[in-house]
Amino acid sequence: MRLAFFGDVVGKSGRDGLSDHLPGLRRDLKLDFVVVNAENAAGGFGITENTANDIFNAGADVLTLGNHSWDQREALTYIVREPRLIRPANYPRLMDAPGRGADVFVTADGRRVLVINVLGRVHMDPMDDPFSAVERELEAAPLGVVADAVIVDMHAEATSEKMGMGHFCDGRASLVVGTHTHVPTADAQILSHGTAYQTDAGGCCDYDSVIGNDKEEPLRRFTTRLSGGRYVPASGPATVCGVFVETDDRTGLAVRVEPIRVGGRLSQAIPQV
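Here you go:
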């Protein structure tokens with residue numbers, strides 16, 4: 002199976018970048034299934050039905066979220082109506098978060114893909130244990146039994162926590178990929194038991210920015226410790242960042258993993274099929 006995962010979409014620039022590039026990537030890479038992290042799609046904070054539809058229309062099959070899941074109030078009801086929207090699985094039980102933290106999706110040719118989204122806990126808001134949450138979902142839909150492929154989106158700040166999740170899932174997931182920091186890492190690899198891994202997919206955003214935001218407000222806060230207003234997504238041409246994975250149809254494990262960066266300032270040659 003040919004899978005792709007794209008990192009945090011930031012505002013209109015990121016959505017436009019996906020609209021410009023994802024249809025061609027789906028065609029050229031012969032992608033069977035595409036997951037996009039969209040927790041910053043609506044003006045840099047959260048997601049709405051309209052912004053989600055922009056990304057679905059560009060070619061995404063499933064959208065994952067993160068620590069900004071509920072920044073837009075309508076997301077609380079939209080996620081109940083949209084099964085292709087996945088929020089973190091490790092919200093505290095008493096929160097009774099709407100929607101689902103994992104689900105199995107069926108491709109056009111009938112293959113089954115389990116998508117799991119969790120939040121890290123290091124330098125993040127307190128959440129339930131992401132490792133226990135992933136373990137629960139992997140046991141419910143094991144690779145090679147219920148699922149033909151498994152994608153884990155580890156939305157976290159700390160590199161060590163993301164790497165830990167990769168090794169925790171090694172041999173039980175097709176891909177473990179980090180999101181949240183909006184910067185693509187150079188460590189795409191297949192772990193020792195066959196799971197593809199990259200610490201951060203990067204953002205789909207304008208990289209003439211501070212993690213996708215106009216530079217003025219972050220620099221003001223860094224240099225003066227004073228806030229002049231909200232962060233605003235940068236509006237220049239986006240680089241679309243993600244990771245491409247090819248799996249073994251027999252095992253569901255990875256046989257190939259390569260980063261994707263197209264458009265904008267970080268563009269590179271796309272993988273050749």
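Residues in the sequence shown are numbered consecutively from 2, following this note's numbering. We treat Cβ as the ideally placed atom computed from N, Cα and C, and that holds for glycine.
With 16 or more neighbouring CB atoms inside 10 Å of its own CB, Val135 falls in the buried class.
Beta-carbon to beta-carbon, Leu144 and Ser175 are separated by about 7 Å, close enough to satisfy the 8 Å threshold. Two segments are said to touch when three or more pairs of C-beta atoms, one from each, lie closer than 8 Å; by this definition the segment 152-171 touches the segment 32-39. About 21 Å separates the CB atoms of Ala189 and Gly213; that is not less than 8 Å, and the two are not in contact. Nearest to Gly67 by C-alpha distance, out of Val107, Asn118 and Arg113, is Asn118. When secondary structure is reduced to three states using DSSP, Ile87 falls in the strand class. With a minimum length of 4 residues, the unbroken runs of alpha helix (DSSP H) contained wholly in the segment 199-271 fall at 217-225. It is roughly 22 Å from the alpha-carbon of Pro93 to the alpha-carbon of Arg85. The way I'd put it, the segment 14-21 doesn't touch the segment 252-260; fewer than three beta-carbon pairs between them come closer than 8 Å. For the segment 161-197, the full-length beta strand (DSSP E) segments reaching 3 residues or more read 176-180 along the chain. In this structure Asp62 is not in contact with Phe6, their Cβ atoms being roughly 11 Å apart against a cut-off of 8 Å. Looking at the DSSP output, Ile152 sits in a beta bridge with Val116 and Leu176. Ranked by Cα distance from Ile191, the first of Val244, Glu140 and Pro131 is Val244.
Linking Asp9 to Thr180 through their CA atoms gives a straight-line distance of about 7 Å. About 5 Å separates the CB atoms of Thr200 and Lys163; that is less than 8 Å, so the two are in contact. Shortest Cα-Cα distance from Arg266 to any of Leu120, Pro219, Gly204 and Thr78 involves Gly204. Burial check for Asn41: the Cβ neighbour count within 10 Å reaches 16 or more, so the residue is buried.
Two segments are said to touch when three or more pairs of C-beta atoms, one from each, lie closer than 8 Å; by this definition the segment 41-60 does not touch the segment 116-130. Val246 is classed as buried because its beta carbon has at least 16 other beta carbons within 10 Å across all chains shown.
A distance below 8 Å separates the beta carbons of His156 and Gly121.
Distance from the CA atom of Val178 to the CA atom of Thr224, rounded to whole angstroms, is 33 Å. A residue is called buried once 16 or more other Cβ atoms fall within 10 Å of its Cβ, and Gly264 is buried on that count. Val63 is bridged by DSSP to Val36. When DSSP reads this structure, Val107 sits in a beta bridge with Arg113. The alpha-carbon separation between His168 and Val123 amounts to approximately 17 Å. Contact annotation, Leu139 with Arg173: C-beta distance approximately 5 Å; criterion of less than 8 Å satisfied. By DSSP's assignment, Arg3 forms a beta bridge with Glu247. Looking only at Asp209, Ala98, Leu64 and Ala43, the smallest Cα-Cα distance to Asp72 is reached by Ala43. Apart from the 5 residues on each side of it in sequence, His69 sits with its Cβ closer than 7 Å to the Cβ of Glu40, Asn41, Phe46 and Gly47 in its chain, given in chain order.
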